[in-house]
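Structure first, then comments.
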Amino acid sequence: MCGRYAFFQRPSEVRRQFAEAGMPADECPGDDECRQTYNFPPGTFGLVYRADVPDYGAGPKKDDQKDQDHANDKAEKMKHTASQLEENEKSSQDPDETHYKLQAMKWGLIPAWTKRNPDYGSMMKTINCRDDSLMENKGMWNVVKRKKRCIVMCQGFYEWLKKGKDKIPHYVKRKDGQLMCMAGLWDCAKYEGSDDKHYTYTVITTSSNKQLKFLHERMPVILDNGSDALRTWLDPGRYEWTEELQSLLKPYDGELDIYPVSKDVGKVGNNSPTFIIPIDSAENKSNIANFFGNQKKKAKEGEAKQNIVKAEQDAEKKDNKVEHEVGETRATTNEEGSENNAPLPSSPRGVKREHGKDDEDREGESKVRKTSPDETGSPEKSPAKAGRKMRSATSNGSASRQPPKGVKGTQRITNFFGK
1 MCGRYAFFQR PSEVRRQFAE AGMPADECPG DDECRQTYNF PPGTFGLVYR ADVPDYGAGP
61 KKDDQKDQDH ANDKAEKMKH TASQLEENEK SSQDPDETHY KLQAMKWGLI PAWTKRNPDY
121 GSMMKTINCR DDSLMENKGM WNVVKRKKRC IVMCQGFYEW LKKGKDKIPH YVKRKDGQLM
181 CMAGLWDCAK YEGSDDKHYT YTVITTSSNK QLKFLHERMP VILDNGSDAL RTWLDPGRYE
241 WTEELQSLLK PYDGELDIYP VSKDVGKVGN NSPTFIIPID SAENKSNIAN FFGNQKKKAK
301 EGEAKQNIVK AEQDAEKKDN KVEHEVGETR ATTNEEGSEN NAPLPSSPRG VKREHGKDDE
361 DREGESKVRK TSPDETGSPE KSPAKAGRKM RSATSNGSAS RQPPKGVKGT QRITNFFGK
């Protein structure tokens, strides 16, 4: 995990639920700015909760090089002044000094130093960040782990159990039905020649707990809603990486519900509330109704029950049918990463990357080189015809080239030998 999850609540509803849990949000995106689906794939806009800090992150602003040098300097790494400790203490004890926001961001982190839109494959490699990759102060995560931490919301996530050549999807959610808050990192990039800001995020993974070991060895880092651990993770006063922050990245010790679900969830773009229902219960409407009824009895009042009611209403509205979401044209591949067994979405058809002017210039030069005659003035070769014999790799049995007729001073080389 995490390669696919379920997020089907409106941002405005999440904002209200967070406020009830003591997690206020001063800003919130419109309900149409985040994708709400029972099958949320990478490369789309999800909902993130973070401290309201500038785009360069928490703490004092530094240029990228100084920031990197500072992080890699062992002497500076050990330095922790009294004033910094006082600031951290104040930030932790007085939450009114810190403001938080809900924000729509794209899943698949793009570092701030990126100068042009990365290719699709590169973005797929940054949907997850391993917790052990944050232990050392180096690499692409070094700045964001200190200055740009966030929480990614979902109702639950999917993981695929491998059985021989077959893969069976399972849904994982909190047993108490509350929103799942996954630890994440965010960043903001601006490409050369553009003022547009691109906000993106990644989900941090750790070793699986005992409940999930049978599915996969990795799982997302889950922090309890409104907990001290969550507040510590988001605290902008902590803009130096510490053992305390690293210690938060551990397997979830709460109770989870895990059960197999419909294989239809494997295809990117498919959407149905039946994806979060056990496969045995999803076979007929009466079982679906019983499932939601039992879930509501188990759930506490408030947030958990509201999530179940929303899914039940969606199931009735869509008549439990699987629909393909409008605008989702990506195919699904069987590729999988080390962090999950989820089938990944392939590159959008016909689109590898947004090309800049430099790319166009290089492509133009390449085309000129390929289509122009060679330096000796030889005529352009015609395309190979079907059935044409291949040239030998060890001998040249092809006919010699004839020079253009009418050119003076050119003769066959054999004419220079006397009889």
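Numbering follows full-length UniProt numbering, with no gaps: position 111 of the sequence shown is 111. In this text, a Cβ means the ideal position worked out from N, Cα and C, and glycines have one as well. Nothing here was measured: the structure is a model prediction, and the numbers come from that model.
1) From residue 140 to residue 170, what does the alpha carbon distance come to, in whole angstroms?
2) Could you tell me which uninterrupted alpha helix (DSSP H) segments, each at least 4 residues in length, are contained entirely in the segment 237-279, listed from first to last along the chain?
3) How long is the line joining the alpha carbons of residue 135 and residue 221, rounded to whole angstroms?
4) Can you have a look at residue 328 and say buried or exposed, based on whether 16 or more other CB atoms are within 10 angstroms of its CB?
5) Does residue 187 pass the burial test, meaning 16 or more other C-beta atoms within 10 Å, or should it be called exposed?
6) DSSP state of residue 48, grouped into three classes?
7) Can you give me the C-alpha to C-alpha distance between residue 123 and residue 108, rounded to a whole angstrom?
8) Report the rounded CA-to-CA distance for residue 224 versus residue 251, giving the unit in angstroms.
9) What would DSSP say about residue 98, mapped onto helix, strand or coil?
10) Would you kindly report the start and end of the unbroken alpha helix (DSSP H) that includes residue 18?
11) With C-beta atoms as the reference, is residue 322 less than 8 Å away from residue 264?
12) Where do the ends of the alpha helix (DSSP H) carrying residue 122 lie?
13) Tell me which residue opens and which closes the beta strand (DSSP E) that residue 172 is part of.
14) Identify whether residue 209 lies in helix, strand or coil by the three-state DSSP scheme.
15) Could you tell me whether the Cβ atoms of residue 25 and residue 100 are closer together than 8 Å?
16) If we call anything under 8 Å between Cβ atoms a contact, is residue 256 one with residue 149?
17) With distances taken between CB atoms, is the gap from residue 345 to residue 42 smaller than 8 Å?
18) With DSSP run on the structure shown, which of helix, strand or coil describes residue 223?
19) Which residue marks the beginning of the beta strand (DSSP E) containing residue 37, and which one marks its end?
20) Which residues in the same chain as residue 80 place their Cβ atom closer than 6 Å to its Cβ, once the five residues preceding and following it in sequence are excluded?
21) How many Å lie between residue 37 and residue 276 at the Cα?
22) Quick one: what does DSSP say residue 71 is sitting in, helix, strand or coil?
23) Tell me whether the beta-carbon of residue 112 lies closer than 8 Å to the beta-carbon of residue 33.
Short version:
1) Your numbering for residue 140 matches position 140 in the sequence shown. Your numbering for residue 170 matches position 170 in the sequence shown. Residue 140 and residue 170: Cα-Cα distance of roughly 32 Å.
2) 243-247
3) Working through the sequence shown from its first residue, we reach residue 135 at position 135. Working through the sequence shown from its first residue, we reach residue 221 at position 221. Approximately 15 Å between the Cα atoms of the pair.
4) Walking along the sequence shown from the start, residue 328 turns up at place 328. With 16 or more Cβ atoms within 10 Å of its Cβ, residue 328 is classed as buried.
5) Counting from one through the sequence shown, the residue named residue 187 turns up at place 187. It is buried - the Cβ of residue 187 has at least 16 other Cβ atoms within 10 Å.
6) Start at 1 with the first residue of the sequence shown, and residue 48 comes out as number 48. Three-state result, residue 48: strand.
7) Working through the sequence shown from its first residue, we reach residue 123 at position 123. Working through the sequence shown from its first residue, we reach residue 108 at position 108. If I take the Cα positions, the gap works out to 5 Å.
8) Indexing the sequence shown from 1 puts residue 224 at position 224. Indexing the sequence shown from 1 puts residue 251 at position 251. Between residue 224 and residue 251, the C-alpha separation is close to 12 Å.
9) The residue given as residue 98 occupies position 98 in the sequence shown. Three-state DSSP puts residue 98 in coil, outside helix and strand.
10) As a working mapping, residue 18 is identified with position 18 in the sequence shown. That run of the alpha helix (DSSP H) goes 11-20.
11) Position 322 of the sequence shown, counted from the first residue, corresponds to residue 322. Position 264 of the sequence shown, counted from the first residue, corresponds to residue 264. Yes, the pair counts as a contact, with Cβ atoms nearer than the cut-off.
12) Along the sequence shown, one-based indexing puts residue 122 at 122. Looking at the DSSP string, the run of the alpha helix (DSSP H) that includes residue 122 is 120-124.
13) In the sequence shown, the residue the question calls residue 172 occupies position 172. Residues 166-174.
14) On the sequence shown, residue 209 is found 209 positions in, with the first residue counted as 1. Residue 209: coil per DSSP, three-state reduction.
15) The count along the sequence shown starts at 1 and reaches residue 25 at position 25. The count along the sequence shown starts at 1 and reaches residue 100 at position 100. Yes, the pair counts as a contact, with Cβ atoms nearer than the cut-off.
16) Start at 1 with the first residue of the sequence shown, and residue 256 comes out as number 256. Start at 1 with the first residue of the sequence shown, and residue 149 comes out as number 149. No, Cβ-Cβ distance for residue 256 and residue 149 is not below 8 Å.
17) The residue labelled residue 345 in the question sits at position 345 within the sequence shown. The residue labelled residue 42 in the question sits at position 42 within the sequence shown. Yes, the Cβ-Cβ distance between residue 345 and residue 42 is below 8 Å.
18) Within the sequence shown, the letter at position 223 stands for residue 223. DSSP places residue 223 in strand when its eight states are reduced to three.
19) Looking up residue 37 in the sequence shown gives position 37. Residue 37 -> beta strand (DSSP E) spans 37-40.
20) Indexing the sequence shown from 1 puts residue 80 at position 80. Unreliable positioning characterises residue 80 in this predicted model, as indicated by a pLDDT of 45, which lies under 50. A coordinate reading is not provided.
21) Stepping through the sequence shown from its first residue, residue 37 is reached at position 37. Stepping through the sequence shown from its first residue, residue 276 is reached at position 276. The straight-line gap from Cα to Cα measures roughly 11 Å.
22) As a working note, residue 71 is residue 71 in the sequence shown. Unreliable placement is indicated for residue 71, whose pLDDT of 46 sits below 50; the coordinate value is still reported in the next sentence. Three-state DSSP puts residue 71 in a helix.
23) By 1-based counting over the sequence shown, the position of residue 112 is 112. By 1-based counting over the sequence shown, the position of residue 33 is 33. Result no, Cβ atoms of residue 112 and residue 33 do not sit closer than 8 Å.
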